[in-house]
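Student:
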Amino acid sequence: MIGNGPWIGTSGTTFTVPGLAPNTSYSVKIKVKRTDSGLETISNAITVKTQPIASISNANLEFDIGKNLTLTLMDYNLNASSLLFDVECDDNTWTSGLLSIASGINVQNVTLPLSNIADTLYSCCKARNEMRFKISCGTTIDKVYYENIFYGTAHIIDSNPVFSNYTYSNTDAATSSVLQNSSYIIENYGNMQAQISPSNQAHPKNQASIIGYITTVTNEKDETKKQVKTDFSANNTLINLGTLSEAGDYKINIYAIDSRGNKSATISKAFYVLPYSRPAARIALSRINEFEKEITIDFSTVYSRLKLGNANKNSPLTLKYRYAEAGKAFTDSYTAVTGITSKDISASDQLAAYVKSTAANPFIKNLEIEKSYNFEFVISDRITSITESLMVDKGIPIFMPCDNGKVTVGMLPDVNSNADFQVGTDIMATDTKGKKRLLLEELDSINHLLVDKNSKLIKTIYLNLHPIGDIVFNTTGTNPGDIYGGEWLSWGKGRVPVGVDIANSRYNDSEIEGGEETHKLTVSEMPSHNHSLNKNVPYGIPYNNTSGTNSNNGGNTHYGESYNPFGIGNAGGGLSHNNMQPFVTCFMWKRTA
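My numbering applies: residue 4 is where the sequence shown begins, and numbers increase by one.
#1: Near Ser167, which residues of its chain fall below 7 Å by C-beta distance, leaving aside the five closest residues on each side in sequence?
#2: Between which two residues does the alpha helix (DSSP H) containing Tyr465 stretch?
#3: One question on the structure: do Gly22 and Asp145 come within less than 9 Å of each other, judged by their Cβ atoms?
#4: Thinking C-alpha only, which one of Asn265, Asn573, Asn507 is nearest His534?
#5: Tell me which same chain residues have a C-beta within less than 8 Å of the C-beta of Phe333, skipping the five on either side of it?
#6: With a threshold of 8 Å (Cβ to nearest heavy atom), would Ser248 be considered close to the ligand PLP?
#7: Are the Cβ atoms of Ala48 and Ser30 separated by less than 9 Å?
#8: So, helix, strand or coil for Ser388, using DSSP?
#9: Measure the C-alpha to C-alpha separation of Asn184 and Ala273 and round it to an integer number of angstroms.
#10: I'd like to confirm the pairing. Which residues does DSSP put opposite Cys140 in its beta bridges?
#11: With Ser383 as the anchor, note down where its beta strand (DSSP E) starts and where it stops.
#12: Per DSSP, which residues does Asp352 bridge with? Please list them.
#13: With a 10 Å radius around its C-beta and 16 neighbouring C-beta atoms as the bar for buried, classify Leu76 as buried or exposed.
#14: Buried or exposed: which applies to Lys523, given that a residue is buried once 16 or more other Cβ atoms fall within 10 Å of its Cβ?
#15: Per DSSP, what kind of secondary structure is Gly251 in: helix, strand or coil?
#16: Which first and last residues belong to the beta strand (DSSP E) in which Val503 is found?
#17: State the DSSP-derived secondary structure class of Val475, mapped to helix, strand or coil.
#18: Would you decide whether Pro9 is buried or exposed? Buried here means 16 or more other CB atoms lie within 10 Å of its CB.
#19: Is it true that the region 403–413 meets the region 342–361, where meeting means three or more beta-carbon pairs spaced less than 8 Å apart?
#20: Using DSSP with H/G/I as helix, E/B as strand and the rest coil, what is Asn581?
#21: Counting only the same chain and skipping the five closest in sequence on each side, list residues whose C-beta sits under 7 Å from that of Gly557.
#22: Look at Arg285 and Val395 and say whether their C-beta atoms are less than 9 Å apart.
#23: Counting only beta-carbon separations shorter than 9 Å, does Glu295 have a partner in chain D?
#24: Residues in its own chain within less than 7 Å of Ser513 by CB, not counting five upstream and five downstream?
#25: Figure out for me which residue from Trp494, Lys316, Asn421 has the closest Cα to the Cα of Ser307.
#26: Compare the C-alpha of Lys254 against each of Tyr216, Leu460, Asn222 and name the closest.
#27: Return the chain-ordered list of same chain residues with a C-beta closer than 8 Å to the C-beta of Ser248, the five sequence neighbours on each side being excluded.
#28: Only counting the same chain, and skipping five residues up and downstream in sequence, which positions put a Cβ closer than 8 Å to that of Asn256?
#29: List the residues that DSSP assigns as beta-bridge partners of Trp97.
#30: Would you list the residues sitting across from Lys273 in a DSSP beta bridge?
#31: Please report the straight-line C-alpha distance between Ala83 and Ala105, rounded to a whole angstrom.
#32: Quick check on Ala205: buried or exposed, where buried means 16 or more other Cβ atoms within 10 Å of its Cβ?
#33: Determine contact between the region 87–94 and the region 121–136, defined as no fewer than three beta-carbon pairs at a distance below 8 Å.
#34: Assuming Ser262 and Ser212 are in contact, meaning their beta carbons sit under 8 Å apart, how far apart are those beta carbons, in whole angstroms?
#35: Could you say which of Val340, Ala329, Asp347 lies nearest to Val305 if we only look at CA atoms?
#36: I'd like the list of long-range same chain contacts for Thr123, defined as Cβ closer than 8 Å, with 5 residues on each side in sequence excluded.
See the structure below:
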């Protein structure tokens, strides 16, 4: 019995057990049964191991594509072997049966003829420089195939693409027409371009493909100033590098790169960036004596030579101008200036100049003194142009004594003015501390401070005029502190101010309150007066002059109270009376701080 399997019947002293795998351990029990008595005996389990099939013993399983691979086998003396070789492709799939070879029994070393399938191997590895492979070393036993599988690495070598040449030039038409040399561009101008024609395109090796080019621009210190990656094109490959902002010697360095990441040799070519700057102009326009109709000019500019060999490529420089009365538009036409002189002032620069500075030989002969004019100058070298704008003011004399006795400074005389001394500009004076001060400007500032209620000066003056304790009247209800600062309280609500009288104890100090809005008279406050009584009594006599009665008995005299009394009654309402003089209301504010 093998393992826990069924009992297998056999006879004799030797027997064969089929279906056992090579190089495998098994647990075996043997049961012996007598044929005569039928008695059985079962042995203890014993472990047996089957013989191995051949396997590969190479320590490092690798090779370079294009070469063969020699294998060393072990356990090769028991059976013949079949060797199957396959690789893992770029898409991570495996080939099937790419190469097979048989090895006989007792053969220790076997060489796989992989050089015969080098192209196939390269085609399976177009994106990498190495790939995995596997080798199956197996044999068939009892119609069952057994194998040992081993993995290794295949390397791609000597497969850098081939690249050897390109052309280059400045493709900017304006600057290239000036320089007329493909190896030169101008600082901050132009476009250096490398061109790879179809005949100069890089060529890949061993079934790779060219994916593009890497271009760098380096300076004299081998510092990289630009780097450009350009995709491969079967037609012309154009690599635009632009220009550089610093003059000097440079190199264009280009290499190709293939689908495996392999690089070709770098091809370097020199080019040069010439120093260049835009013209730096200085233009001065003025009237003769500051007010005459003749105009002078003093023009100079520094501009680049763009020197190639002994030739200045940036000559000649040109100057043109136009002008118009201030407030009006320029015309479309310009006037060219002739007679400009130039000279070299350094290895890279030259100076151009043009001067017209006398009344006998002015720049412009007749420019009305009553008007101002705008001028526009265009200065052009062979690369670029700049525009400068200037103004010529009205003809204003610095100092002019006039026939009528008037004197002007910085202005034409105003004949309608009565002023004998007329100044058209601010006046600068130096005070005792040596500080220069503009008088009109300071007068304006003082005037502003005096008329602006929000100025610190006005606020200070107001508070000085109204010290603490002052009373201010207004009809708006605005607290003076909101405008001028300080602290103010509403004062005297519903009361009329009365002057202090130090001789009268009721008025001998400020802020004594008294008086009343209404008053009810007392008896003592009433003026002295009487009440008259006029009553006719036909019969009888009055009693105590206050009452009496009538009687029908003539001739008799009776004394006593009257039957119809009469008397003097009360008058008035007994209310308080208005105690105020005519008034008008306002707001009163007292400064407290």
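Beta carbons are placed, not taken as given, at the ideal position from N, Cα and C, and that holds for glycine.
Since the model is a prediction, treat every value here as computed from it, not as a measurement.
Tutor: In this structure, then:
#1: Within the sequence shown, residue 167 is the residue found at index 164, counting from 1. So the qualifying residues of the chain are Ile270.
#2: The residue labelled residue 465 in the question sits at position 462 within the sequence shown. Here the alpha helix (DSSP H) through Tyr465 covers 459–468.
#3: As a position in the sequence shown, residue 22 is number 19, starting the count at 1. As a position in the sequence shown, residue 145 is number 142, starting the count at 1. Result yes, Cβ atoms of Gly22 and Asp145 sit closer than 9 Å.
#4: Counting from 1 along the sequence shown, the entry for residue 534 is found at position 531. Considering only alpha carbons, the answer is Asn573.
#5: Residue mapping note: residue 333 aligns to position 330 of the sequence shown, counting from 1. Closer than 8 Å at Cβ, skipping near neighbours: Arg325, Tyr326, Ala327, Asn377, Glu379.
#6: This structure lacks the ligand PLP, and indeed carries no ligand of any kind.
#7: The sequence position of residue 48 within the sequence shown is 45, counting from 1. The sequence position of residue 30 within the sequence shown is 27, counting from 1. In contact: Ala48 and Ser30 (Cβ atoms closer than 9 Å).
#8: In the sequence shown, counting from the first residue as 1, residue 388 sits at position 385. The answer is strand: DSSP assigns Ser388 an E or B state.
#9: Here residue 184 corresponds to residue number 181 of the sequence shown, with the count starting at 1. Here residue 273 corresponds to residue number 270 of the sequence shown, with the count starting at 1. Asn184 and Ala273 have their C-alpha atoms roughly 13 Å apart.
#10: In the sequence shown, the residue the question calls residue 140 occupies position 137. DSSP lists Leu86, Asn151 as partners of Cys140.
#11: Translated into the one-based positions of the sequence shown, residue 383 becomes position 380. That run of the beta strand (DSSP E) goes 376–383.
#12: Locating residue 352 in the sequence shown gives position 349, counting from the first residue. For Asp352, the pairing in a beta bridge is given by DSSP as Ser307.
#13: Here residue 76 refers to the residue found at position 73 of the sequence shown. So Leu76 counts as buried.
#14: As a first step, residue 523 is located in the sequence shown; it is residue number 520 there, counting from the start. Classification for Lys523: exposed.
#15: To locate residue 251, count along the sequence shown from 1; it is residue 248. Judged by DSSP in its simplified three-state form, Gly251 adopts strand.
#16: Along the sequence shown, one-based indexing puts residue 503 at 500. From DSSP, Val503 is part of no beta strand (DSSP E); its letter is neither H nor E.
#17: For the purposes of this step, residue 475 is identified with residue 472 of the sequence shown, where counting begins at 1. Taken through DSSP and simplified to helix, strand or coil, Val475 comes out as strand.
#18: For this step, residue 9 is matched to residue 6 along the sequence shown. Classification of Pro9: exposed, given that the 10 Å Cβ count is below 16.
#19: Fewer than three Cβ pairs drawn from the region 403–413 and the region 342–361 lie within less than 8 Å of each other, which leaves the two stretches out of contact.
#20: The residue labelled residue 581 in the question sits at position 578 within the sequence shown. It is a strand residue.
#21: The sequence position of residue 557 within the sequence shown is 554, counting from 1. Confidence is the limiting factor: at Gly557 the pLDDT is only 48, short of 50, which leaves the residue's position unreliable, though a coordinate-based value still follows. Contacts found: none.
#22: Here residue 285 refers to the residue found at position 282 of the sequence shown. Here residue 395 refers to the residue found at position 392 of the sequence shown. Cβ distance not < 9 Å, so Arg285 and Val395 don't count as in contact.
#23: No chain D is part of this structure, which consists of one protein chain only.
#24: The residue labelled residue 513 in the question sits at position 510 within the sequence shown. Val503.
#25: As a first step, residue 307 is located in the sequence shown; it is residue number 304 there, counting from the start. The shortest C-alpha separation from Ser307 is found at Lys316.
#26: Working through the sequence shown from its first residue, we reach residue 254 at position 251. Out of Tyr216, Leu460, Asn222, Asn222 has the C-alpha closest to the C-alpha of Lys254.
#27: On the sequence shown, residue 248 is found 245 positions in, with the first residue counted as 1. Only Glu190, Asn191 meet the Cβ criterion.
#28: By one-based count along the sequence shown, residue 256 stands at place 253. These residues qualify, in order along the chain: Thr218, Thr219, Val220, Thr221, Thr269, Ile270, Ser271.
#29: Taking the sequence shown and counting its residues from 1, one reaches residue 97 at position 94. DSSP lists Glu91 as the bridge partner or partners of Trp97.
#30: As a working mapping, residue 273 is identified with position 270 in the sequence shown. Note that residue 273 corresponds to Ala in the displayed sequence, not to Lys. For Ala273, which the question treats as bridged, DSSP gives the partners Lys254.
#31: In the sequence shown, residue 83 corresponds to position 80, counting from 1. In the sequence shown, residue 105 corresponds to position 102, counting from 1. For Ala83 and Ala105, the distance between alpha carbons rounds to 8 Å.
#32: Within the sequence shown, numbered from 1, the residue matching residue 205 stands at position 202. Burial state of Ala205 is buried, judged by a 10 Å Cβ sphere holding 16 or more other Cβ atoms.
#33: Short answer: they touch.
#34: On the sequence shown, position 259 is the one that residue 262 refers to. On the sequence shown, position 209 is the one that residue 212 refers to. The beta-carbon distance between Ser262 and Ser212, rounded to whole angstroms, is 5 Å. This is short enough to meet the 8 Å contact definition.
#35: By one-based count along the sequence shown, residue 305 stands at place 302. Nearest option by C-alpha distance: Asp347.
#36: The count along the sequence shown starts at 1 and reaches residue 123 at position 120. Excluding residues within five positions, the ones whose Cβ falls inside 8 Å are Leu101.
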